[in-house]
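Enquirer:
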Amino acid sequence: MGASPRAVRAFVLLAGFYLVALCVLGVLAGAVAAAWVWAPHLAAIKVTVISALLGLPVLRGVFTLGTGAGDREEALPVTEADQPELWYTVRSLADRSGTRAPDEILLTGEVNAAVSEDARLLGMLPGRRRLYLGVPLLTGLTEPQLHSVIAHELGHYGNADTRLAGITRRGRDCVIRTVAAFQEQERKRIGKERSRQEEAAARRLRKGRKAKRVDTRGAGFGYRMMAKPFQAYARFYLRATSSVGRQQELAADRMAVRVAGRDATASALREIAALDTAHDFYQSRYALLGVEAGLLPPRGEVFGGLRHLLADPRRRSGLAELRYELPPGEESPYDSHPPVAERVRLIEALPDDGLAAAPARPALTLLRDAQRVLAQLEDVLLTSEALAMERVDWPELTHRGMHALAVAAAEPLRTALATAGVAPGSASGDLIALLDRADAGQLWLTAGHLPKSPEAAQATGRAAREFLRPALESGTRRLAELALVEKAGAYWELSWSEQARLRLPGAAYAGGTEETVAAAVRAAVADVPDTAPLRTLLGH
Amino acid sequence: MSGIFPLVVIAAGLFFWLRSRKRAKRTEEFAAELGAGLLPPERQNTDRAYPDPEAEAVLAALSRGEWQPAAQALAAAGTDWERRSYLVGVVARQAAEDDTWLRAWQATRPDDPDAAVVHADAKVALAWRIRGSGWAKDTTTEQAAGFHRVLREAREDFARAVSLAQPGDPTPYLLQIPLYKGLSAPHEALHQLWAEVTARAPYHYEAHWHALQYWSAKWCGSAELARNFAAQAAATAPRGSLLTMFPLVSWYEHNDDEAPREAYGWPEMMALTDAALADVAAARPDHPRVAEVRHLLAYCLTKQDRHEAALGHFRLVDGYVGALPWHYYSDPAEIYCHVRDSALKGAAARADG
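Protein chains in written order, with my numbering: chain A, 12 to 551; chain B, 411 to 763.
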């Protein structure tokens, strides 16, 4: 095998990492011994404690002496008794990939699948294997595509590759974990230090003294210093083994092709790229739309609702474009993956294996009682604040979520109106007051109370107006929308194919109301304001 | 005997030092004499490159809200396209601050082509006031968004100005070049616009000024494109059109920061300067841009140690410093006077022998 000499080199390099760890531990042990011999007892105890604290991440990371619960991802474990079909599929895939099946299967909320192994002694001794499966993948992929993804992940540990290459893979995991453990400690340390200093600053303020700026530069210093040799070595190691890493990725792709078929593998890679974007979009525009208003979709829908978006014909055509145009790869020393576009090209260049991507069941059918599993997943992944939120169905969530956003967006303008002497009232009352001011030639005087950037504050004359115009126009629009909700029963309408739009009852089509409002608002805040269209709309 | 030697050296040193001091003093006196009548920085007008009573009167009226003198001045310029675009610029910059009078003008004469082109050009000036004159990286997102929004509005205003303008009037075309520059219009689009401009006024100074900015490296072109554009304009234009100024402008814009001081004395720079000198001599005296050319020439001539010639041009423009290269500095009057005074000293030292 051509990769062997390089794999051997990787193994030697990995042993070097081991050596660095031993040296660091040796230095710490030496310091402790020296302290007990020469320093007073109190100082010696201090040195011992500090050395133990600093040495622990080294031991934990390098030797994986019991992975702490902290570095395990939040995920929902599914047992074989609960999900026999899923387990059967994974076992048979492991079998066909020529590797050991995972010991645990865990569901996550990300567009990702991964196999991890708590290997010990720098990856030389095998450990507990976990398969992480993102529910969005189950929602968005077909069964053969999911097979391909799982086969790829298992392929990293496959015996079909050389034994040393398998060690390299585990070794990479170890190195990354050690560095990550240090960063985690450092973050915790800085976080603690920050809250301590903030508390102190608050106390000082209460006592009427000037607060000191929070400075966390000193905290985490020890960990940072400790991490330095490891990080330097890790970077060197990862770069030196990146070609092996890349080759293993491509080998894992070949494994996926052998197990799941060429077309399913290539289409899965394309699909995941599109799903990634779709999922982010779904999260921000749908699932979490009402979070500010304390609202969530019905149980099981937070992660499961993605299927509505994926089923929509217009969104589907948008996603088809994403599948076609794969994102260019980002080069990172820690990422062993060749760019997706490159992988797809190589896979699609393989000869046809006759396993064409026939119509197949969605992968979610592998889950027994999917709705219940999706609900359990929420219990594991959502924070307790989120779990306590009110659950409403999608149309109501859309309206109330958008309403809350509009209220927040109209706030600066309403504050400006209040500053200009308008007693705060209902949205329609505030809007009429604004229109009256516009007719009295005082529109820009009022708008002058809107928050300004330094550049806007410096501008004079027309330039000052142009700086304010976007905020005035959008604020007025939100206020007009709120007024229409109050006065005319307008509502925001859920759509899986496009953004939620405001609609007046009886309006011909969803976009019509918004267009009318936008045109009326533009006329009202023009240099020569015409408030009649907006007044007519409200009198409706 | 040997003790007298240091004394001789000291005496000689003292003699030369006194002589040079005396000479310096004389040169200073002579320079003061030569420079009598030249104004200090605080008396330099930084808005304009030369005195223009008509423009001043128009602006004074506008600040009182009276638009009629502006309309009259534009009508009086007639088909003097150089003067027309210059006046439109002066009036439009005022309208970018406050356009109450412009709205009154347009209400009284709804389809006035002059008001329409001022309205459009004022949008461009307004866009730049929103943007500020910093580099793109120093411009905030808010500034950039406002800049582009107002420029896009100006595009429609120019379409209207074009539809109202006389068929032979290049003004509403050439004043769109900064808009193309600001919106990074593709080269092909600028070529089309340029064809409209040159069909109406092939050697228009301000049109070439704006186009050179478009082709410069900091906007939509490169140092090479700008150099070629300027060289071609200078080579084909008739004498007196002042287009020989542009190779110097292009060189200044792309090289002045990094070039060594003696670069201005290189033979090709001397040749460019001499060509521009001949052009200025042939230009009509009331060309609205001749003062601008004198400013840059005076700068180049000073850098070339041709102090008397530089001084000749400084005298003709002194008191008004709103021109290249001074307006690139934060204190144009100060830098103008600094360069002018070094020409003055150089000339005085030479006259003194």
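Idealized CB from N, CA, C, for every residue including glycine.
1) Within its chain, find whatever has a CB closer than 6 Å to the CB of threonine 409 of chain A; leave out the 5 residues flanking it on each side and keep chain order.
2) Scan the segment 454-476 of chain A for residues whose Cβ lies nearer than 8 Å to a Cβ of chain B and list them as they occur along the chain.
3) Spatial neighbours of leucine 387 of chain A within its chain, please: CB distance less than 8 Å, with the 5 preceding and 5 following residues excluded, ordered by chain position.
4) Please state if the CB of alanine 421 of chain A and the CB of glycine 500 of chain A are separated by a distance shorter than 8 Å.
5) How about phenylalanine 28 of chain A: is its C-beta nearer than 8 Å to some C-beta of chain B?
6) Please report whether the beta-carbon of phenylalanine 478 of chain A lies at a distance below 8 Å from any beta-carbon of chain B.
7) For tyrosine 592 of chain B, does the three-state DSSP call read helix, strand or coil?
8) Would you verify that the beta carbon of glutamate 507 of chain B is, or is not, closer than 8 Å to some beta carbon of chain A?
9) Kindly say whether glycine 592 of chain B, judged by its beta-carbon, lies nearer than 8 Å to any beta-carbon of chain A.
10) Out of curiosity, what's the CA-to-CA distance linking glycine 592 of chain B and leucine 584 of chain B?
11) Helix, strand or coil for alanine 124 of chain A per DSSP?
12) Counting along the chain, where does the beta strand (DSSP E) carrying leucine 117 of chain A start and finish?
13) Would you mind stating whether leucine 490 of chain A and leucine 442 of chain A have Cβ atoms separated by less than 8 Å?
14) With a cut-off of 8 Å, does the C-beta of threonine 518 of chain B fall near any C-beta of chain A?
15) Identify, in the order they occur along the chain, each residue of the same chain with its Cβ nearer than 6 Å to the Cβ of alanine 275 of chain A, setting aside the five sequence neighbours on each side.
16) Inspect the CB distances between the segment 636-647 of chain B and the segment 658-668 of chain B and report whether three or more fall short of 8 Å.
17) Does the beta carbon of glutamine 553 of chain B sit closer than 8 Å to a beta carbon anywhere in chain A?
18) In terms of residues, what are the limits of the beta strand (DSSP E) holding valine 89 of chain A?
19) Quickly, what does DSSP pair tryptophan 47 of chain A with across the bridge? List them, please.
20) Between the alpha carbons of leucine 461 of chain A and alanine 467 of chain A, how many angstroms are there, rounded?
21) Helix, strand or coil for tyrosine 502 of chain A, going by three-state DSSP, please let me know.
22) What does a CB cutoff of less than 6 Å around phenylalanine 314 of chain A pick up in its chain, not counting 5 residues either side in sequence?
23) Of all the CB atoms in chain A, is at least one closer than 8 Å to the CB of alanine 564 of chain B?
24) Rounded C-beta distance between valine 468 of chain B and proline 461 of chain B? I'm assuming under 8 Å.
25) Taking all protein chains shown into account, decide if lysine 57 of chain A is buried (16 or more other Cβ within 10 angstroms of its Cβ) or exposed.
26) Taking proline 309 of chain A as the reference, which of A:Leu261, A:Trp405, A:Val496 has the closest Cα?
27) Where are the alpha helix (DSSP H) runs, 4 residues long or more, that stay fully inside the segment 232-285 of chain A, in chain order?
28) Is valine 60 of chain A buried or exposed, if buried means 16 or more other CB atoms sit within 10 Å of its CB?
29) Let's see if you can read the secondary structure: which residues bound the beta strand (DSSP E) around leucine 300 of chain A?
30) So that I know if they touch, is there some Cβ in chain A lying closer than 8 Å to that of arginine 716 of chain B?
31) Would you call tyrosine 588 of chain B buried or exposed, if buried means 16 or more other Cβ atoms sit within 10 Å of its Cβ?
32) I need the straight-line Cα distance from arginine 493 of chain B to aspartate 524 of chain B, nearest angstrom please.
33) Among the candidates B:Pro450, B:Ala434, B:Ser430, whose CA atom is the shortest distance from the CA of arginine 750 of chain B?
34) Mapping the DSSP letters down to three states, classify tyrosine 168 of chain A as helix, strand or coil.
35) List the DSSP bridge partners of arginine 402 of chain A.
36) So which residues of chain A does leucine 484 of chain B contact, with C-beta pairs closer than 7 Å?
Expert: In terms of the structure at hand:
1) Trp503, Leu505, Ala511
2) The segment 454-476 of chain A vs chain B, Cβ under 8 Å: Ser464, Glu466, Ala467, Ala470, Thr471, Gly472, Arg473, Ala474.
3) Here the sequence assigns glutamine to residue 387 of chain A, which means leucine is not the residue at that position. So the list reads Leu87, once near-sequence residues are dropped.
4) no
5) no
6) yes
7) Residue 592 of chain B is actually glycine in this sequence, not tyrosine. Helix.
8) It does; some Cβ of chain A falls within 8 Å.
9) no
10) 14 Å
11) strand
12) 115-119
13) yes
14) no
15) Pro155, Gln156, Ser159, Ala368
16) yes
17) yes
18) 87-89
19) DSSP lists no partner for tryptophan 47 of chain A.
20) 10 Å
21) strand
22) Gly120, Val146, Leu385, Leu388
23) no
24) 14 Å between Cβ atoms; not a contact.
25) exposed
26) A:Trp405
27) 232-251, 253-271
28) exposed
29) Neither: leucine 300 of chain A is in no beta strand (DSSP E) and is coded neither H nor E.
30) no
31) It is proline, not tyrosine, that sits at residue 588 of chain B in the sequence shown. Under this definition proline 588 of chain B is a buried residue.
32) 13 Å
33) B:Pro450
34) coil
35) A:Leu307
36) Ordered by position in chain A, no residue passes the 7 Å Cβ test against leucine 484 of chain B, which lies about 21 Å from the chain.
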